[in-house]
Amino acid sequence: MDFLRPETLAEALELKASRPDAVPIAGGTDVMVELNYDHRRPSALLDLTRVPELQQWSGGLRVGAGVPYVRIIDELGDQLPGLAMASRTVGSPQIRNRGTVGGNLGAASPAGDTHPVLLASDAVVEVASVRGTRMIPAAEFYLGVKRNALEPDELIVAVHLTPAQGPQQFSKVGTRNAMVIAVCSFAISLFPDENRVGAAVGSAAPTPRRALEAEQFLASALDFKAPKPLLDSVKREFGELVSRAASPIDDVRGSAAYRKHALAVMARRTLGWAWQELLDGERACA
Ligand SMILES: Cc1cc2nc3c(=O)[nH]c(=O)nc-3n(C[C@H](O)[C@H](O)[C@H](O)COP(=O)(O)OP(=O)(O)OC[C@H]3O[C@@H](n4cnc5c(N)ncnc54)[C@H](O)[C@@H]3O)c2cc1C
Numbered sequence: 001m002d003f004l005r006p007e008t009l010a011e012a013l014e015l016k017a018s019r020p021d022a023v024p025i026a027g028g029t030d031v032m033v034e035l036n037y038d039h040r041r042p043s044a045l046l047d048l049t050r051v052p053e054l055q056q057w058s059g060g061l062r063v064g065a066g067v068p069y070v071r072i073i074d075e076l077g078d079q080l081p082g083l084a085m086a087s088r089t090v091g092s093p094q095i096r097n098r099g100t101v102g103g104n105l106g107a108a109s110p111a112g113d114t115h116p117v118l119l120a121s122d123a124v125v126e127v128a129s130v131r132g133t134r135m136i137p138a139a140e141f142y143l144g145v146k147r148n149a150l151e152p153d154e155l156i157v158a159v160h161l162t163p164a165q166g167p168q169q170f171s172k173v174g175t176r177n178a179m180v181i182a183v184c185s186f187a188i189s190l191f192p193d194e195n196r197v198g199a200a201v202g203s204a205a206p207t208p209r210r211a212l213e214a215e216q217f218l219a220s221a222l223d224f225k226a227p228k229p230l231l232d233s234v235k236r237e238f239g240e241l242v243s244r245a246a247s248p249i250d251d252v253r254g255s256a257a258y259r260k261h262a263l264a265v266m267a268r269r270t271l272g273w274a275w276q277e278l279l280d281g282e283r284a285c286a
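Residue numbers (UniProt numbering): 1 to 286.
Written out as structure tokens, the structure is:
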């Protein structure tokens with residue numbers, strides 16, 4: 001197996017163009033599992049850990065594909081609270097030290113923890129090749145189970161997000177708190193200035209997906225200009241619409257019926273937390 005070690009992004013893109021068979025490796029927390037279990041025998045690995053352009057984030061926000069979870073939590077928690085919450089639930093400290101959002105996107109598992117947050121926060125994925133750069137909205141990035149919109153010569157360079165405009169929440173159901181793949185997960189972002197809500201489910205369909213009807217319902221049911229305590233009927237309807245957005249399967253981690261139920265519960269709870277944060281903010285300003 002060839003081991004390719006570019007030192008710049010330009011070099012990495014040249015190598016990917018000449019060796020589309022080369023499997024990129026960032027933190028290696030997915031790739032090494034596949035190699036160790038002999039699920040994959042690539043002819044070459046393209047090590048991205050020495051490419052400085054991928055390890056940086058900059059204001060705005062453009063988060064390099066190779067920024068590990070631990071840095072998202074430590075350095076970006078105030079600007080991207082939803083992504084930081086999801087990052088805190090990934091694996092263990094060792095996995096969070098190595099694992100990256102770029103790797104989560106590259107693997108495109110329906111159960112990846114960052115996906116619902118990226119969808120609910122209108123993230124855009126920057127991908128590049130020697131042919132140029134493409135900006136792909138997260139909602140168009142996931143094509144199927146472990147399939148994404150990358151062409152064979154492309155690499156994920158960064159994820160673009162706006163700093164949170166309002167409260168964000170993430171919730172995940174698993175058999176325990178650490179080191180579990182999500183049975184299902186849910187993310188919500190409030191955009192009070194735009195009277196808008198982002199909501200997305202994970203591990204509950206072939207791809208992570210937005211709960212569009214639920215988003216539209218909340219945008220019409222909530223008054224962001226003069227927020228009042230949430231009605232139970234609004235929470236219930238929101239939970240129901242989120243649950244309806246999913247098309248889960250029965251598998252070893254949980255049944256489809258359980259997933260639908262859990263999504264409705266997570267949606268109600270996270271909406272309650274996010275809305276309370278908004279109300280507390282209003283009171284603090286008054
Ligand atoms: C014990 C354990 C626990 C885990 N727990 C969780 C969890 O709780 N939640 C969760 O979501 N995941 C979990 N994972 C999976 C994994 O840690 C995450 O998916 C992580 O984000 C992968 O990032 P990485 O940098 O290690 O990716 P890698 O393993 O390096 O790569 C993953 C995939 O992305 C591709 N890739 C990587 N970078 C790029 C790039 N820049 N451009 C194009 N393709 C790229 C690779 O070719 C590969 O296909 C766990 C894994 C382990 C081993």
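Just so it is clear, CB atoms sit at the ideal spot from N, CA and C, and this is done for glycine as well. Every value quoted in this text rests on a predicted model; they were computed, and no experiment measured them.
Residues sharing a beta bridge with residue i, DSSP
i, result
"L46", "L4, P24"
"G64", "A158"
"G132", "S129"
"P137", "V124"
"residue 304", "Any answer about residue 304 is impossible in this case: the structure gives the chain only from 1 up to 286."
"R147", "G144"
"G254", "D251"
"S171", "F186"
Contacts around residue i, its chain only, beta-carbon distance under 7 Å, and the 5 residues preceding and following it disregarded
i, result
"A17", "S129, V130, D153"
"I249", "A256"
"E151", "S129"
"G103", "A26, G27, T29, D30"
"R88", "I73"
"R147", "A108"
"D122", "G198"
"L15", "L4, P6, A22, L46"
Cβ-based neighbour list, residue i, same chain, cut-off 6 Å, excluding 5 preceding and 5 following
i, result
"residue 317", "It is not possible to answer for residue 317, since the shown part of the chain is limited to 1 through 286."
"P266", "It is worth fixing the name first, because residue 266 is Met in this sequence and not Pro. Here the set comprises S171, F186."
"Q169", "I188, T270, W273, A274"
"R96", "Y69, V70, V90"
CA-to-CA distance, residue j to residue i, given in whole angstroms
i, j, result
"L37", "P68", "Before going on, a small fix: residue 37 reads as Tyr here, not Leu. About 24 Å."
"V252", "A178", "18 Å"
"L212", "A245", "8 Å"
"P110", "D30", "14 Å"
"T133", "A158", "11 Å"
"Q56", "G64", "5 Å"
"P163", "R210", "20 Å"
"E140", "E215", "18 Å"
"L222", "N195", "8 Å"
"A200", "A86", "13 Å"
"P227", "R283", "10 Å"
"I73", "E7", "26 Å"
"D193", "L278", "12 Å"
"residue 296", "Q94", "The shown model of the chain, from 1 to 286, leaves out residue 296, and the question about it has no answer."
"H115", "C285", "33 Å"
"M32", "G144", "22 Å"
"R50", "P42", "20 Å"
"E240", "S247", "13 Å"
"R40", "M135", "29 Å"
"I156", "L83", "18 Å"
"G91", "V101", "13 Å"
"R268", "R236", "7 Å"
"L105", "Q276", "31 Å"
"P52", "A149", "24 Å"
"A182", "P206", "14 Å"
"V124", "P229", "33 Å"
Close-in-space but distant-in-sequence residues of the same chain around residue i (CB under 8 Å, 5 per side omitted)
i, result
"L61", "L76, Q79, L80, H160, L161, T162, P163"
"A44", "M1, D2, F3, L4, R19, D21, A22, V23"
"residue 301", "Residue 301 lies beyond the range of the chain shown here (1 to 286); nothing can be said about it."
"L119", "A138, A139, A187, G198, A200, P208, R209, R210"
"V180", "G174"
Whole alpha helix (DSSP H) elements within the region 68-105, 4-residue minimum: The region 68-105 contains these whole alpha helix (DSSP H) runs: 69-76, 81-88, 93-98.
Start-end ranges of the beta strand (DSSP E) lying completely within the region 178-242, minimum 3 residues: Qualifying beta strand (DSSP E) stretches, in chain order: 184-191, 196-202.
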